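Novice:
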Amino acid sequence: QQSFEQLNNKAVAVVVDPIQSVKGKVVIDAFRLINPQVTMLGGEPRQTTSNIGHIEKPSLQALYRGLNKHYYSIVINFRKNELEQKMLLNLYKRKWNQAMKLERMDDHAKRNENVMESMANLSKDYSKWIEEEMKKTKQELLVSRIGKVDPKRHLHQNVEELMSVNISQTLGAMINTKAF
Numbered sequence: 028q029q030s031f032e033q034l035n036n037k038a039v040a041v042v043v044d045p046i047q048s049v050k051g052k053v054v055i056d057a058f059r060l061i062n063p064q065v066t067m068l069g070g071e072p073r074q075t076t077s078n079i080g081h082i083e084k085p086s087l088q089a090l091y092r093g094l095n096k097h098y099y100s101i102v103i104n105f106r107k108n109e110l111e112q113k114m115l116l117n118l119y120k121r122k123w124n125q126a127m128k129l130e131r132m133d134d135h136a137k138r139n140e141n142v143m144e145s146m147a148n149l150s151k152d153y154s155k156w157i158e159e160e161m162k163k164t165k166q167e168l169l170v171s172r173i174g175k176v177d178p179k180r181h182l183h184q185n186v187e188e189l190m191s192v193n194i195s196q197t198l199g200a201m202i203n204t205k206a207f
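Below you can see the structure in the form of structure tokens.
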């Protein structure tokens, strides 16, 4: 970004988060770097633009990662038309017949075993997080958990995945025995 801003003083970094952008919701932000020489001289590093929008209060994580110290955020507003919205919603859809295809039973059992081991490890990690919660303040917890895996969220995802895969596998096996 620094080299782009040196080439063109109006360069802006636009970031789309592919992990948080799911099911038709796009997470996008724009940034510009703060020139350290300007701040040393006491000047305002942010450039005034005709961008209309309200300044949002930055999160603690953003401040921890250098927001308003090394870079500043620019408000982005965008709209999706109906066709774009439908296209984004169709990205993660499976075809209707995918649920009817059975996985090999030994592969299915092995995957279940791996997910259960993962869930056991996540349960231990979650117990540690709860113990840590008792000892620290909310502020200390937020700072200490930046960039770390949330075991509760991953445990929930594993349970959801395990349940849906096992239900689909069992239902598919029952339909296959009756139909064929």
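The sequence shown: position 119 = 146 (my numbering), numbered continuously. C-beta atoms are modelled at their ideal positions from N, C-alpha and C, and glycine is treated no differently. From a predicted model like this one, the values you see are computed outputs, not experimental measurements.
Report the CB separation of residue 100 from residue 58 in whole angstroms; it is logged as a contact under 8 Å.
Specialist: About 6 Å separates the two Cβ atoms, so the contact holds.
Novice: Label residue 178 either buried or exposed according to how many other C-beta atoms from any shown protein chain fall within 10 Å of its C-beta, with 16 as the threshold for buried.
Specialist: With 16 or more other Cβ atoms within 10 Å, it is buried.
Novice: Could you check the C-alpha separation between residue 34 and residue 110 for me, to the nearest Å?
Specialist: Between residue 34 and residue 110, the C-alpha separation is close to 37 Å.
Novice: Count the other CB atoms within 10 Å of the CB of residue 198; is the residue buried (16 or more) or exposed (fewer)?
Specialist: Burial call: exposed.
Novice: Below 9 Å between beta carbons: does that hold for residue 105 and residue 186?
Specialist: Taking 9 Å as the Cβ cut-off, residue 105 and residue 186 do not qualify as a contacting pair.
Novice: Alpha carbon to alpha carbon, what distance is there between residue 155 and residue 45?
Specialist: Distance between the alpha carbons of residue 45 and residue 155 is about 30 Å.
Novice: Does the Cβ-Cβ distance between residue 192 and residue 131 come in under 9 Å?
Specialist: No; because the gap between Cβ atoms is not below 9 Å, this pair is not in contact.
Novice: Would you tell me roughly how many angstroms separate the C-alpha atoms of residue 148 and residue 182, rounded to the nearest one?
Specialist: Each residue's alpha carbon lies about 9 Å from the other.
Novice: Indicate whether residue 129 and residue 203 have their beta-carbon atoms separated by less than 9 Å.
Specialist: The answer is yes: Cβ separation under 9 Å.
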